[in-house]
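Report on the structure given below.
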Amino acid sequence: MSTQIVLPRILQIGADAASKVVEVINSLGCYRPIILTDKTMVELGYVQALLAQFNDSEQLPDVFDNTIPEPTVASIILALEKVKSEPYDCIIALGGGSPIDSAKAVAVLATLGGEMKDYKFPHIQTQPGLPVIAIPTTAGTGSEVTKFTIITDQETDEKMLCAGPGFMPAAALIDYTLTLSLPPRTTADTGIDALTHAIEAYVSKKANLYSDSQALAAMKLLAPNLREAYRNGKNKVSREAMMLGATLAGLAFSNASVALVHGMSRPIGAFFHVPHGLSNAMLLPSVTAFSIAGACPRYAMCARTMGIATNVDSDEHACGLLIKELQQLNDDLNVPTPKDFGIEKESFFEVCETMAKQALASGSPGNNPIVPSIEEMVAIYHGLWSV
Ligand SMILES: [Fe+2]
Numbered sequence: 019m020s021t022q023i024v025l026p027r028i029l030q031i032g033a034d035a036a037s038k039v040v041e042v043i044n045s046l047g048c049y050r051p052i053i054l055t056d057k058t059m060v061e062l063g064y065v066q067a068l069l070a071q072f073n074d075s076e077q078l079p080d081v082f083d084n085t086i087p088e089p090t091v092a093s094i095i096l097a098l099e100k101v102k103s104e105p106y107d108c109i110i111a112l113g114g115g116s117p118i119d120s121a122k123a124v125a126v127l128a129t130l131g132g133e134m135k136d137y138k139f140p141h142i143q144t145q146p147g148l149p150v151i152a153i154p155t156t157a158g159t160g161s162e163v164t165k166f167t168i169i170t171d172q173e174t175d176e177k178m179l180c181a182g183p184g185f186m187p188a189a190a191l192i193d194y195t196l197t198l199s200l201p202p203r204t205t206a207d208t209g210i211d212a213l214t215h216a217i218e219a220y221v222s223k224k225a226n227l228y229s230d231s232q233a234l235a236a237m238k239l240l241a242p243n244l245r246e247a248y249r250n251g252k253n254k255v256s257r258e259a260m261m262l263g264a265t266l267a268g269l270a271f272s273n274a275s276v277a278l279v280h281g282m283s284r285p286i287g288a289f290f291h292v293p294h295g296l297s298n299a300m301l302l303p304s305v306t307a308f309s310i311a312g313a314c315p316r317y318a319m320c321a322r323t324m325g326i327a328t329n330v331d332s333d334e335h336a337c338g339l340l341i342k343e344l345q346q347l348n349d350d351l352n353v354p355t356p357k358d359f360g361i362e363k364e365s366f367f368e369v370c371e372t373m374a375k376q377a378l379a380s381g382s383p384g385n386n387p388i389v390p391s392i393e394e395m396v397a398i399y400h401g402l403w404s405v
């Protein structure tokens with residue numbers, strides 16, 4: 019059996035990788051870029067720094083800075099109108115996962131037409147749209163190297179998973195210096211998202227030798243550096259490790275898929291506007307505890323790779339240490355419970371079954387070592403209130 023691996027054509031990795039944007043665009047054969055980003059990137063001066071690289075005024079990119087966190091069909095339509103207003107031949111996506119996800123969606127819609135829901139899983143998008151040059155400013159989503167984009171249908175509150183090689187960025191500039199000013203909360207949430215990608219890719223039923231190698235390398239970089247990056251954001255060694263770890267975790271899950279944590283996390287985000295990494299963090303310990311019996315040796319390997327168990331520990335013991343560590347990590351990174359986040363218990367319980375059904379429909383729980391029933395997912399959602 020073989021596995022098809024899909025990657026960007028160019029990965030520019032390391033300090034000041036973002037300063038290579040003109041070179042990368044030209045090497046892709048593109049000339050007329052537009053930048054898709056958000057207002058924070060403008061305020062931080064990152065957009066200006068990109069624009070300053072373009073000496074040829076004819077090539078100077080236009081800027082659309084109205085992408086929103088957790089992009090919606092409506093926000094994509096706005097960006098699409100802008101991108102179609104001129105003959106742009108590539109999109110520079112600058113920011114966290116949301117601007118990059120937005121750019122990936124707009125790139126395909128601008129070229130191939132249709133509506134976002136036409137691209138929803140189980141549809142697989144093979145044909146690419148406009149080339150996307152992704153410049154992540156968080157170490158987390160891995161969106162710069164994945165063939166997925168998540169767009170919320172604001173009318174049904176459903177987070178639509180859109181997948182296929184056609185969504186893969188043409189290039190990714192992975193520059194950890196852009197993460198040095200990230201606030202601790204974002205560092206923690208995006209960092210746990212990345213760690214979740216690595217763990218889920220490794221235990222996924224679609225795991226393969228390639229994704230395993232990326233997932234384990236990612237865990238080795240992420241686990242020992244997450245707390246330090248949270249507490250001391252200026253630590254360049256930790257930031258660099260987190261950035262590369264997040265990208266490798268992205269490569270792992272893009273080629274092996276995520277599993278139950280992500281499946282159950284997306285509906286929490288859609289219904290209660292919990293940031294993606296945070297809803298993953300809320301679920302990671304209990305979903306791992308639920309799933310361990312289906313892949314104990316693999317979870318034990320995660321624990322050993324993360325440095326919290328050794329080869330002397332039995333698989334069972336290592337799995338126990340993993341659950342403890344994931345809970346401790348949430349405590350150390352001050353991850354709120356749904357209640358602490360401000361969600362009302364009654365409204366949460368009211369939609370648990372709908373959330374479980376949406377999770378199942380996304381396909382992600384099907385990759386889990388133990389595929390849960392709707393009732394089991396509802397029980398896990400309820401369990402978040404007894405932590
Ligand atoms: Fe994620």
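The sequence shown begins at 19 in the working numbering and counts up one residue at a time.
Built from N, CA and C at the ideal position, the CB exists for glycine as well.
For Asp211, the Cβ falls inside the 6 Å cut-off from some heavy atom of ligand 1. The continuous alpha helix (DSSP H) containing Val40 extends over residues 39-45. When the five nearest sequence neighbours on each side are left out, the beta carbons in the same chain lying within less than 6 Å of the beta carbon of Ile110 are those of Pro51, Ile53, Ile151, in order along the chain. For Lys223, there is no enclosing alpha helix (DSSP H), since its DSSP letter is neither H nor E.
Only residues of its own chain outside the window of five on either side were considered, and among them Asn385 have a CB closer than 6 Å to the CB of Lys223, listed in chain order. Contact annotation: Ile341 and Ala313 have beta-carbon atoms that are not nearer than 7 Å. Secondary-structure assignment with DSSP links Cys180 through a beta bridge to Lys138, Thr167. Of all C-beta pairs linking the stretch 231-239 to the stretch 289-306, fewer than three are shorter than 8 Å, placing the two stretches out of contact. Setting aside the 5 residues that flank it on each side, Val369 is surrounded in the same chain by Phe289, each with a C-beta closer than 6 Å to its C-beta; the list follows chain order.
DSSP places Phe82 in the strand class (E or B) of the three-state scheme. If only complete runs of 4 or more residues are kept, the stretch 77-133 shows the alpha helix (DSSP H) at 91-102, 115-130, in order along the chain. Gly287 and Lys177 do touch by the CB rule: their CB atoms are close to 6 Å apart, below 8 Å.
Taking C-beta separations shorter than 6 Å and ignoring five residues to either side along the sequence, the partners of Ala33 in its chain run Thr195, following chain order. Secondary structure of Gln30 (DSSP, three-state): strand. Ala123 places its beta carbon 7 Å or farther from that of Leu148.
Here the stretch 33-46 makes contact with the stretch 63-75; the two share three or more CB pairs at distances below 8 Å. In the DSSP secondary-structure assignment, Ala259 is not bridged to any residue. Using a C-beta cut-off of 8 Å, the stretch 343-350 makes no contact with the stretch 182-195, since fewer than three inter-stretch Cβ pairs fall below that distance. For Leu240, the enclosing alpha helix (DSSP H) covers residues 227-240. The alpha-carbon of Val42 is positioned some 8 Å away from that of Ile28. Counting along the chain, Val305 sits inside no beta strand (DSSP E); it lies in the alpha helix (DSSP H) bounded by residues 294-309.
Val150 is bridged by DSSP to Ile109. Annotation: the continuous alpha helix (DSSP H) that includes Ala379 extends over 370-379. Within the DSSP secondary-structure output, Leu191 pairs in a beta bridge with Gln30.
Your pair Pro140 and Gly338 does not check out as a contact, with CB atoms roughly 37 Å apart and the cut at 8 Å. In the DSSP assignment, Leu54 is bridged to Phe82, Ala111.
According to the DSSP assignment, Leu344 belongs to the alpha helix (DSSP H) that extends over 333-350.
DSSP places Leu68 inside the alpha helix (DSSP H), whose first and last residues are 64-69. If you draw a 10 Å sphere on the C-beta of Thr21, you find fewer than 16 other C-beta atoms in it, and that means exposed. Contact between the stretch 390-405 and the stretch 319-327 is not established, with fewer than three Cβ pairs separated by less than 8 Å. Spatial neighbours of Thr144 in its own chain (CB-CB distance under 6 Å, excluding positions within 5 residues in sequence) are listed in chain order as Gly182, Pro183, Gly184. Distance from the Cα of Leu266 is smallest, within the candidate group Val353, Ser283, Leu200, Gly209, for Gly209.
When DSSP states are grouped into helix, strand and coil, Cys314 belongs to the helix group. Non-local C-beta neighbours of Gly295 in its own chain, meaning closer than 7 Å and more than five positions away in sequence, comprise Gly158, Asp207, Thr208, Ile210, Asp211, ordered along the chain.
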